[in-house]
Amino acid sequence: MTGTNFNSKQFTCSKCNKSFNAGNFKRHKCNIYPEDKIKEVCELYFSGMPPRKIIEKGYRTSLVKFALHGKRRSKSEAMKVSHKYSPECHKHSQETKDKISKSRIEFIKEHPEKAPYKLNHSSRKSWPEEIFENALNRHNIKGWIRNYQNSIYEYDFAFPLKKIDVEVDGKTHNLPKVQEIDKRRDEWSKSQGWHIIRFKTSAVLKDIEQCIEYLKKCLSD
-7 MTGTNFNSKQ FTCSKCNKSF NAGNFKRHKC NIYPEDKIKE VCELYFSGMP PRKIIEKGYR
53 TSLVKFALHG KRRSKSEAMK VSHKYSPECH KHSQETKDKI SKSRIEFIKE HPEKAPYKLN
113 HSSRKSWPEE IFENALNRHN IKGWIRNYQN SIYEYDFAFP LKKIDVEVDG KTHNLPKVQE
173 IDKRRDEWSK SQGWHIIRFK TSAVLKDIEQ CIEYLKKCLS D
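Here this note's numbering is used: position 59 in the sequence shown is 51, and no number is missing along the way.
#1: Quick one: what's got a C-beta closer than 6 angstroms to G162's C-beta in the same chain, skipping five residues either side?
#2: Taking the alpha-carbon positions, what's the I204 to A127 distance?
#3: Alpha carbon to alpha carbon, how far is E69 from H75? Give it in angstroms, no decimals.
#4: Taking I123 as the reference, which of K209, D199, E32 has the closest Cα?
#5: Can the beta-carbon of P120 be found less than 8 angstroms from the beta-carbon of L197?
#6: When the distance is taken between beta carbons, is C210 closer than 8 angstroms to I137?
#7: Say whether the region 159 to 174 touches the region 83 to 99, bearing in mind that this needs 3 or more beta-carbon pairs closer than 8 angstroms, one atom from each stretch.
#8: CA-CA distance, M71 and E179?
#9: Going by DSSP in three states, N37 sits in which element: helix, strand or coil?
#10: Which whole-angstrom value describes the C-beta separation of P43 and L60, a residue pair presumed to lie in contact below a C-beta threshold of 8 angstroms?
#11: Between I144, Q202, K117, which has its C-alpha nearest D174's C-alpha?
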């Protein structure tokens, strides 16, 4: 009598409900990976850790793939996690930054109305700028244009015939990033023959007359 082939029997996994013969059932991943390990991997993943970092903690790659099957994040969620755990992978090289900067400058030259400060800032005058404009009128100083556009840059108070740009700078101009932008802007303006005068808002509020006297001296030179 022919004996029963044990390997031909069908076994159903109580965890995933899949059916296997005896040989394959022994190798079935639900039997290989302990439930507690699968749970640990899922907890790490849903706490925000990317699969690569979970594997680096010592979990087998096949276990991580099995535990996270059907549980993967959306592309946008995965990008957020990647930026958090591997920020260095998303940083541009200096060469790439220079190319992007050059490309943006060329675009803004062709479309000055798209300059970031025009899109993101209000056109309303600040209180110190209002005080400065009133002082110009009170001293009967002529020849200036408010918000004068020169290529990609906009000047607070410009005297085009004299090529003098007067800026009233608030506290944001003390920030390193803004100072770098101001430096690049001033260097370009000077290369075009402009003289730049920068008054801090504190100076305008404290002694506007002194600011005006300095401006008069520059205008008379």
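Glycine is no exception: its CB is placed at the ideal position from the N, C-alpha and C atoms.
This is what the structure holds:
#1: T193
#2: 7 angstroms
#3: 10 angstroms
#4: D199
#5: yes
#6: no
#7: no
#8: 38 angstroms
#9: Contrary to the premise, residue 37 reads as Tyr rather than Asn in this sequence. Correct three-state label for Y37: helix.
#10: 6 angstroms
#11: I144
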